[in-house]
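Colleague: Chains as they are written, first to last, in the working numbering: chain E, 1368 to 1580; chain P, 1368 to 1580.
Handing you a structure now.
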DNA sequence: CGATAAAAATGACCGCGGTCGAGTTTTTCC
DNA sequence: GGAAAAACTCGACCGCGGTCATTTTTATCG
């Protein structure tokens, strides 16, 4: 029927991804050749390219799975009542943990995500739509609690914090921040700076005290 | 003498870079092979690798020259009396112009700069030390004029704005911002948001009015 | 079922970035 | 000046990512 062929295609695609997870994890991205990947998936090299257009696309699919998982976990663990700063830190620090677990993966992933090739642009946009979906509700609640100005476009606010997150990670890759604690502290510092401007006037005094070191 | 050999080395290095400028500009980075580059510089392929460790290193050297030039120009053209927001926008918009002139160059450059490989880390750090050298004086003047809080580590402030710049450029690469004007507006929006928190209390009203559209 | 057309799998092949040992030039030292 | 050592140049070579003409599998229909 209509499904027979398509089903096999799904299976093959899954086999490739499974092999990718195994090999990438074991020997790293650069050290895994497409040929090797194909063998591990039980198919020929050329076949891989009828499922994915490029090697990095396979990698992105792999990362998406991982991130999906992590994001679900983070969402479940988050506390909607906590102060905004707290929630943001928890979220982004979780995100960073994924990156820091494997430096190389994270680098490739971020490079591709933050500065995508024109062709990968669509994928990248979907990816950080996920960020938006997660963060916007948090911001709305914060607005309701009076922790965040209500005259802002929340998508821009998302971009603002995401930017600071990226910068912190970048500092880590450049060797300016070393440990996970350094990163956490750097992020907190930047977030506080941002919040002082993002919080409505009434809340500013509180933010300055409560969040200030 | 001591200089004979060394001088020739300088010449060869320069020849490689010159060839790189020509070929990269004419046919793009990916489309230029090392072999081609070597021929154009009048040397063998292997020799190239005794001057640069990798292709992207050649590219970075090329970018550094360009940026050096652009930064000098921007510095000369800048007006130390102008409002902080104005100066920042001028600077980063100039920076962006370099990137937008050639999408591909900019992407590779930013990828390598923001998320450097461990080996390239040193180079990347030097590069954004340049940013620091340029921006810190601007911030100090702004502090003197009362436009910027004086209780901040200026290096973190630099990071903050640089982060927002990176984010804006990223949005451009992802196709969320299209024209140079879009980018300029997005940047201004983010910078204003940041400034509201960065400016000392007395200046906040002014910033909100003067900078608000 | 057998013939035929469409879809999918394949691996030889291409050009590339990067390596390496053999060959060449320069320096050093007597 | 000449011989040994050190520094430098080179292009054949390697494995890779990606392509494509060919072969193999599957669906369709008389």
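For every residue, glycine included, the Cβ atom is placed at its ideal position computed from N, Cα and C.
Counting only Cβ-Cβ distances shorter than 9 Å, please list the residues of the region 1531 to 1553 of chain E near chain P, keeping chain order.
Modeller: 1531, 1532, 1533, 1534, 1535, 1536, 1537, 1538, 1540, 1541, 1542, 1543 and 1553
Colleague: Alpha carbon to alpha carbon, how far is residue 1529 of chain E from residue 1465 of chain P? Give it in angstroms, no decimals.
Modeller: 24 Å
Colleague: Does residue 1502 of chain P have its Cβ less than 8 Å from a Cβ in chain E?
Modeller: no
Colleague: Against chain P, with Cβ distances strictly below 8 Å, would residue 1497 of chain E count as a contact?
Modeller: Output row for residue 1497 of chain E: interface = no.
Colleague: Anyone know if the C-beta pair for residue 1475 of chain P and residue 1426 of chain P falls short of 8 Å?
Modeller: yes
Colleague: At a Cβ cut of 7 Å, what residues of the region 1452 to 1473 of chain P count as close to chain E, listed as they run along the chain?
Modeller: none
Colleague: Quick check: residue 1478 of chain E and residue 1482 of chain P, are their CB atoms within less than 8 Å of each other?
Modeller: Yes, the pair counts as a contact, with Cβ atoms nearer than the cut-off.
Colleague: How should residue 1517 of chain E be labelled, buried or exposed, when 16 other C-beta atoms within 10 angstroms of its C-beta is the threshold for buried?
Modeller: exposed
Colleague: Quick one: is residue 1470 of chain E buried, meaning 16 or more other Cβ sit within 10 Å of its Cβ, or exposed?
Modeller: exposed
Colleague: Compare the beta carbon distance of residue 1472 of chain P and residue 1430 of chain P with 8 Å and say whether it is the shorter of the two.
Modeller: yes
Colleague: Measuring only the C-alpha atoms, how far is residue 1414 of chain P from residue 1460 of chain P?
Modeller: 38 Å
Colleague: From residue 1540 of chain P to residue 1534 of chain P, what does the alpha carbon distance come to, in whole angstroms?
Modeller: 10 Å
Colleague: Strictly below 8 Å CB to CB, what residues from chain P border residue 1427 of chain E?
Modeller: Those within 8 Å of residue 1427 of chain E in chain P number zero; the least Cβ separation is about 14 Å.
Colleague: Classify residue 1495 of chain P: buried if its beta carbon has 16 or more other beta carbons within 10 angstroms, exposed otherwise.
Modeller: buried
Colleague: The ligand GDP and residue 1390 of chain P: does the residue's C-beta get closer than 7 Å to at least one heavy atom of that ligand?
Modeller: This structure lacks the ligand GDP; in fact it carries no ligand of any kind.
Colleague: Using alpha carbons as the reference points, say which of E:1436, E:1505 and E:1521 lies closest to residue 1454 of chain E.
Modeller: E:1505
Colleague: So residue 1491 of chain E contacts chain P; which residues on that side make the cut at Cβ distance below 7 Å?
Modeller: 1541
Colleague: Could you list which residues in chain P have their beta carbon closer than 9 Å to that of residue 1396 of chain E, in chain order?
Modeller: Under the 9 Å cutoff, chain P gives no residues; its nearest Cβ is about 13 Å from residue 1396 of chain E.
Colleague: Since residue 1446 of chain E contacts residue 1497 of chain E with CB under 8 Å, what's their CB separation in whole angstroms?
Modeller: That belief does not hold up - the Cβ atoms of residue 1446 of chain E and residue 1497 of chain E are roughly 20 Å apart, past 8 Å.
Colleague: According to DSSP, is residue 1449 of chain E part of a helix, a strand, or is it coil?
Modeller: coil
Colleague: Below 8 Å on the Cβ atoms is my guess for residue 1456 of chain E versus residue 1555 of chain E; work out the distance and round it to an integer in Å.
Modeller: 6 Å
Colleague: To the nearest angstrom, how far is it from the Cα of residue 1389 of chain E to the Cα of residue 1406 of chain E?
Modeller: 13 Å
Colleague: Mind listing the chain P neighbours of residue 1561 of chain E? Cutoff is C-beta to C-beta under 8 Å, in chain order.
Modeller: 1527, 1560, 1561 and 1564
Colleague: State the Cα-Cα distance for the pair residue 1502 of chain E and residue 1525 of chain E, rounded to the nearest angstrom.
Modeller: 7 Å
Colleague: Against chain E, does residue 1409 of chain P count as a neighbour if the rule is that its beta carbon must be under 8 Å from one of theirs?
Modeller: no
Colleague: Given this structure, state the Cα-to-Cα distance separating residue 1412 of chain E from residue 1422 of chain E, to the nearest angstrom.
Modeller: 12 Å
Colleague: Rounded to the nearest angstrom, how far is the Cβ of residue 1542 of chain E from that of residue 1488 of chain P, given a contact under 8 Å?
Modeller: 5 Å
Colleague: Run through chain P and tell me which residues come within less than 8 Å of residue 1488 of chain E, C-beta to C-beta.
Modeller: 1540, 1541 and 1542
Colleague: So, for residue 1522 of chain P: in the same chain, excluding its five sequence neighbours on each side, which residues have a beta-carbon less than 7 Å away from its beta-carbon?
Modeller: 1499
Colleague: Can you give the Cα-Cα distance for residue 1441 of chain P and residue 1435 of chain P, rounded to whole angstroms?
Modeller: 10 Å
Colleague: When burial is assigned at 16 or more other CB atoms within 10 Å of the CB, is residue 1560 of chain E buried or exposed?
Modeller: Buried is the call here.
Colleague: Less than 8 Å between the CB atoms is what I'm expecting for residue 1544 of chain P and residue 1538 of chain P, so what's the real figure, rounded?
Modeller: 5 Å
Colleague: Check each candidate in P:1399, P:1382 and P:1428 and name the one with the smallest Cα separation from residue 1409 of chain P.
Modeller: When only C-alpha atoms are compared, the closest one is P:1382.
Colleague: Hey, how far is the Cα of residue 1400 of chain E from the Cα of residue 1557 of chain E?
Modeller: 40 Å
Colleague: Are the Cβ atoms of residue 1451 of chain E and residue 1514 of chain E separated by less than 8 Å?
Modeller: yes
Colleague: In terms of residue numbering, what span does the alpha helix (DSSP H) encompassing residue 1497 of chain P cover?
Modeller: It spans 1488 to 1511 - the alpha helix (DSSP H) in which residue 1497 of chain P sits, taken as one unbroken run.
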